[in-house]
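The listed protein sequences correspond, in order, to chains A and B. For this note's numbering, add 370 to where a residue sits in the first sequence, where the first one is 1. For this note's numbering, add 44 to where a residue sits in the second sequence, where the first one is 1. Beta carbons: idealized from backbone N, C-alpha and C, even for Gly. Inspection log for the structure reproduced underneath, given as structure tokens.
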Amino acid sequence: MATMIGTSVKRREDAKFLTGRGNYTDDINRPGQVHAYIIRSPHAHATLASVKTDKAAKRPGVVAVLTGADTAADGIGGLPCGWLIHNKDGSPMVEPPHPPLAQGKVRHVGDPVAVVIAETYAQARDAAEHVEIDYKALPAVSDASKAIERGAPQLHDEAKGNLCYDWHLGDKAAVDAAFAKAAKVAKIDLINNRLIPNAMEPRAALGEFNRATGEYTLYTTSQNPHVIRLLMGAHVLHVAESKLRVIAPDVGGGFGSKIYHYAEEAIVTWAAAKVNRPVKWTAERSESFMSDAQGRDHATHGELALDKDGKFLALRVSTVANLGGYLSTFSTTIPTWLYATLLAGVYTTPVIYCEVKAVFTNTVPVDAYRGAGRPEASYLLERLVDIAANVCGLDRAEIRKRNFIPKTAFPYQTPVALQYDSGDYPGCLETAVKASDYAGYDKRRAASEKAGKLRGIGISTYIEACGIAPSAVVGSLGARAGLYEVGTVRVHPTGTISVLTGTHSHGQGHETTFAQVVADALGVPMESIEVVHGDTAMIPFGMGTYGSRSLAVGGSAILKAVDKIVAKSKKIAAHLLEAAEADIEFKDGVFSVAGTDRSKTLGEIALAAYVPHNYPIETVEPGLDETAFYDPKNFTFPAGTHICEVEVDPQTGVVTVEKFTAVDDVGRVINPMIVEGQVHGGVVQGIGQALYEGCVYDPKTGQLLTGSMMDYCMPRADNLPAFSVGHHTTLCTHNQLGVKGCGEVGAIGSPPAVMNAVVDALKPYGITHLDMPATPERVWRAIHSARQPRAAE
Amino acid sequence: MPSVSLTVNGRKVSAEVEQRTLLVQLLREKLGLTGTHVGCDTSQCGACVVHVDGTSIKSCTILAVQCEGTNVLTIEGLAQGDKLHPMQEAFREHHGLQCGFCTPGMVMSAVDLLKNNPKPSEREIREWLEGNICRCTGYHNIVKAIQAASQAGR
Ligand code: FES
Ligand code: FES
Chain A
371 MATMIGTSVK RREDAKFLTG RGNYTDDINR PGQVHAYIIR SPHAHATLAS
421 VKTDKAAKRP GVVAVLTGAD TAADGIGGLP CGWLIHNKDG SPMVEPPHPP
471 LAQGKVRHVG DPVAVVIAET YAQARDAAEH VEIDYKALPA VSDASKAIER
521 GAPQLHDEAK GNLCYDWHLG DKAAVDAAFA KAAKVAKIDL INNRLIPNAM
571 EPRAALGEFN RATGEYTLYT TSQNPHVIRL LMGAHVLHVA ESKLRVIAPD
621 VGGGFGSKIY HYAEEAIVTW AAAKVNRPVK WTAERSESFM SDAQGRDHAT
671 HGELALDKDG KFLALRVSTV ANLGGYLSTF STTIPTWLYA TLLAGVYTTP
721 VIYCEVKAVF TNTVPVDAYR GAGRPEASYL LERLVDIAAN VCGLDRAEIR
771 KRNFIPKTAF PYQTPVALQY DSGDYPGCLE TAVKASDYAG YDKRRAASEK
821 AGKLRGIGIS TYIEACGIAP SAVVGSLGAR AGLYEVGTVR VHPTGTISVL
871 TGTHSHGQGH ETTFAQVVAD ALGVPMESIE VVHGDTAMIP FGMGTYGSRS
921 LAVGGSAILK AVDKIVAKSK KIAAHLLEAA EADIEFKDGV FSVAGTDRSK
971 TLGEIALAAY VPHNYPIETV EPGLDETAFY DPKNFTFPAG THICEVEVDP
1021 QTGVVTVEKF TAVDDVGRVI NPMIVEGQVH GGVVQGIGQA LYEGCVYDPK
1071 TGQLLTGSMM DYCMPRADNL PAFSVGHHTT LCTHNQLGVK GCGEVGAIGS
1121 PPAVMNAVVD ALKPYGITHL DMPATPERVW RAIHSARQPR AAE
Chain B
45 MPSVSLTVNG RKVSAEVEQR TLLVQLLREK LGLTGTHVGC DTSQCGACVV
95 HVDGTSIKSC TILAVQCEGT NVLTIEGLAQ GDKLHPMQEA FREHHGLQCG
145 FCTPGMVMSA VDLLKNNPKP SEREIREWLE GNICRCTGYH NIVKAIQAAS
195 QAGR
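Shown next, in the form of structure tokens:
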């Protein structure tokens, strides 16, 4: 049987989506269902003097109006944070309460204050007008660097100076010593702009309570239903997991924003029992803008010490990270363990020191968004390397080559805690240089210049850590969860197979890729395999999908379960074929006695296992159904080179991406079509960050100024070129499939490639840095406030 | 409450609606046609695109009562039984969808494009899609799918 690995099998998910038969949370309706409208704070910072609900409660169709007083009376807990970070002095971070409905104070625009439940959504929304809320507005602060200044408005009593933690990693003394000896130093101050994820499906939650059984069911737009069940059951609602079922049906994109446990999930589940009817909430897009966890938002100073030949001697980084008004589930780990540990990049920098202050502000909570910490690291590093090339008078590809970790150096221990297992960074660069026709660039630049445009080219040679994560390692770093994954392979009596996975697919095509993997391993047709995910009642406890982990960790768990199936089947086959177990060989779905033509198919074995008439019943249990948990040995380290060419119109400041080449090493590729699709999507989110997207709060009032798709600019089809996507593969050494992960590479590698190109294009004006997004206004202003071009025009 | 009568996917239907009810709400909530999606509240995303009297339209931006007597085609009515429409087929063939949320609107929009412009250039396709946002695919494969559907003679 031909291998399925490396084949662009068409997706089995597609037919339902293409014909309108997807089953997203908002498509689900339960008998007797009522609708929830969440009243959200219009203020960035205010005390709640009073919340009066009596008038609203009398409006047509209203079933209940619930407030923070009701959650408090019912003993509802706060939304927990999943990762404890320690300060430089070893003390724990500050963890202020995060109530699902505000208690006494609101801390960002969109903070939930009350919920109106009515027969129809329109009635709930109308009645909300009649809830009387007396806000006493307080001064607000949205900029993290301002929030830690003396005299800034204070958000939480517990957090003096709005500081959540002051953390560091690396050897400061060694770094300072290296700087003292450096021939040259490259420096940068940059902002990593705040982003709003905007998965196309708005978040939704539908809670239900069964009085007869005492069971709760929550349908929710989640990337990890088990995590939601654990957090909500144990911390917020205090419901036993056995009485709580969480279903994440089809989910319309996540990009990180659907990892976290959100207030609305707890509110509808709690309220469903209170009003004794199913309660449904679906976000309007404007609510998504002010309630989905946002991404990035760093202000960073970085310095790179170099010797006279352009070799990196040391890196020193200081970052202020904005966490928003409350701690979202994994917020605290993003600017620390998912950021500073990546600062070695693909280079041999011997010593690195990074310090991070994480700060509360009157803004929507910040958490992981596609890449999560790693794009912040690669953007800083790759911009800094370009500046270093400038400082040293070296070509930008050349300085990278001089500092690459050589192909022969693996496993490679970085000075910031990670051990890279495999990679070929020079190989990626070389492949990308060829694929992008780097050599022909000067010609293209001349053509652009002839047309009155500036042209620039930018390279980024990035790395990321994914396949998250070895539980013992993350546990020692403060994670309050394990990060293994689970897989079940259930061979039915007739030989068809259900594969249950704790990961969740919301666009990644797991139903196809995982079926390919199992079909290949068991030598059975893909059509006989069904992949099931997204329901805690059907699947053992899994950790879900984020950090490009699904195949590397979830796929490995499935393969482990496959191994158990094969081992057990061999025992059964030995009995049926009257041979010694050691003589049984398994190949292409058939168990045979070595050197004979006696054999049994997997289907025959399955039937025997469920109808054990002639069966080794003394030593082997009936049934053919195996579950495995897999805890990875290490992170995986996808890497690659992205090369971008832009044109800038000096008259208007408009930047257009003319050419984009990505060469990624994501380990073994199971389905090239799907992997390329993941790269395209990631690259566009990265281009979005570089050129279009930026979340803006009014610095005085903390109002969200980019609160709709008309104000927050996401890339559209006509902003983009076609891409060239390629691979330069080295295998992951510590998982059976050799896979590394592909979901985030696009978003991590592309922003610095784009910005290095933009700055290159603006070089004639003496411009050495521009913050993202490089909007026409920003570029135009930069051009006009810079001196005139050196080169004669 | 006013009532509205129209033809949806070839079937005559009538329903009681509020004056403020949008076409997309009629389709999703009263007729159970949940293939048409709502991705925004500012007429930007195009997840809600259907055809009204043969023209693509954002169903979140028209009242149900305005559709009295019209002929509405939604994503559910595009395939002929089990046989996908060539545009649906092209999206499948070229991986023009990931999470599938923007897909119904994209497909309905693309079908209308080729009706008006059977052989669009890549630029024309990209400009036509300006009103449809996809957060997953980066548009690369959507454009490829539409090009392929166009070459296949639709
Ligand atoms: S729902 Fe976004 S345009 Fe109609
Ligand atoms: S496929 Fe997910 S938004 Fe387009």
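Q. Are residue 468 of chain A and residue 739 of chain A closer than 9 Å when you measure CB to CB?
A. no
Q: Give the DSSP-derived three-state secondary structure of residue 102 of chain B in the structure shown.
A: strand
Q: Have a look at residue 1011 of chain A and residue 582 of chain A and give me their C-alpha separation to the nearest angstrom.
A: 58 Å
Q | Closest Cα partner of residue 441 of chain A within the set A/606, A/408 and A/732 | A | A/606
Q. Checking contacts by CB at 9 Å: is residue 874 of chain A closer than that to chain B?
A. no
Q. Mind pulling the chain B residues with CB within less than 8 Å of residue 1044 of chain A?
A. 139
Q.
Quick check on DSSP: helix, strand or coil for residue 903 of chain A?
A. coil
Q: Determine the chain B residues that contact residue 953 of chain A at a beta-carbon separation under 8 Å, and present them in chain order.
A: The contacting residues do not exist; residue 953 of chain A stays about 45 Å from chain B at best.
**Q.** 8 Å CB neighbourhood of residue 867 of chain A in its chain, flanking five on each side removed
**A.** 859, 860, 861, 888, 892, 894, 898, 899 and 900
Q | Cβ-heavy atom distance, residue 1079 of chain A to ligand 2, below 8 Å | A | Closer than 8 Å to some heavy atom of ligand 2: that does not describe the Cβ of residue 1079 of chain A.
Q. What's the C-alpha gap between residue 52 of chain B and residue 59 of chain B?
A. Going by C-alpha positions, residue 52 of chain B is about 12 Å away from residue 59 of chain B.
Q) With respect to the beta strand (DSSP E) encompassing residue 1018 of chain A, which residues constitute its N-terminal and C-terminal limits? A) 1009 to 1018
Q) Does residue 654 of chain A come within less than 9 Å of chain B when only Cβ atoms are used? A) Yes, its Cβ sits closer than 9 Å to a Cβ of chain B.
**Q.** Near-chain B residues of the stretch 1077 to 1103 of chain A - C-beta to any C-beta below 7 Å
**A.** 1078, 1079, 1080, 1084, 1086, 1087, 1088, 1090, 1092 and 1093
Q. Out of A/489, A/730, A/375 and A/501, which has the shortest C-alpha to C-alpha gap to residue 528 of chain A?
A. A/730
Q. Could you give the distance in angstroms between the alpha-carbon of residue 493 of chain A and the alpha-carbon of residue 1043 of chain A?
A. 46 Å
Q.
Taking the beta carbon of residue 127 of chain B as the centre, do at least 16 other beta carbons fall within 10 Å, making it buried, or is it exposed?
A. By the beta-carbon neighbour count (other beta carbons within 10 angstroms, threshold 16), residue 127 of chain B is exposed.
(Q) To test your reading of the DSSP string, which unbroken alpha helix (DSSP H) runs of 4 or more residues are found completely within the stretch 464 to 519 of chain A? (A) 491 to 498 and 514 to 517
Q | residue 766 of chain A CB to nearest heavy atom of ligand 1 below 8 Å | A | Taking the Cβ of residue 766 of chain A as the reference point, every heavy atom of ligand 1 lies at 8 Å or farther away.
Q) Does DSSP put residue 1162 of chain A in a helix, in a strand, or in coil? A) Unreliable positioning characterises residue 1162 of chain A in this predicted model, as indicated by a pLDDT of 40, which lies under 50. A coordinate reading is not provided.
Q) How many angstroms separate the CA atom of residue 994 of chain A from the CA atom of residue 787 of chain A? A) 42 Å
Q) Measuring CA to CA, which of A/755, A/805, A/651 and A/628 is closest to residue 737 of chain A? A) A/628
Q. Would a C-beta distance cut-off of 9 Å place residue 1090 of chain A and residue 138 of chain B closer than the cut-off?
A. no
Q: Within its chain, find whatever has a CB closer than 7 Å to the CB of residue 477 of chain A; leave out the 5 residues flanking it on each side and keep chain order.
A: 415, 525, 695, 696 and 732
Q: Please decide whether residue 186 of chain B counts as near chain A, where near means a Cβ-Cβ distance under 9 Å.
A: yes
Q: Report back the beta-carbon spacing between residue 1013 of chain A and residue 1031 of chain A to the nearest angstrom; my notes put them in contact at under 8 Å.
A: That belief holds up - the Cβ atoms of residue 1013 of chain A and residue 1031 of chain A are roughly 5 Å apart, short of 8 Å.
**Q.** Proximity test, Cβ basis, 9 Å: residue 108 of chain B and chain A
**A.** no
**Q.** Contacts that residue 394 of chain A makes with chain B (C-beta to C-beta distance below 8 Å)
**A.** 78, 81 and 145
Q: For the stretch 975 to 988 of chain A and the stretch 798 to 809 of chain A, state whether three or more C-beta atom pairs, one from each stretch, are separated by less than 8 Å.
A: no
Q) Closest Cβ-Cβ distance between residue 198 of chain B and chain A: below 9 Å? A) Because residue 198 of chain B carries a pLDDT of 47, less than 50, the predicted location of this residue cannot be relied on, and no value is offered for it.
Q) So, is the C-beta of residue 91 of chain B closer than 9 Å to a C-beta in chain A? A) yes
Q: Return helix, strand or coil for residue 577 of chain A, following the three-state DSSP convention.
A: In the three-state reduction of the DSSP assignment, residue 577 of chain A falls in the strand class, which pools E and B.
Q. With a cut-off of 9 Å, does the C-beta of residue 201 of chain B fall near any C-beta of chain A?
A. With chain B represented from 45 up to 198, any question about residue 201 of chain B goes unanswered, as that position is not in the structure.
Q | Outcome for residue 1163 of chain A when other beta-carbon atoms lying within 10 angstroms are tallied against a minimum of 16 | A | Confidence at residue 1163 of chain A is low in this model, with a pLDDT of 41, below 50, so the placement of that residue should be treated as unreliable; the coordinate-derived value is given next. Flag for residue 1163 of chain A reads exposed.
Q: Check residue 707 of chain A in the structure and name its three-state DSSP category.
A: coil
Q: Report yes or no: is there a C-beta of chain A within less than 9 Å of the C-beta of residue 68 of chain B?
A: no
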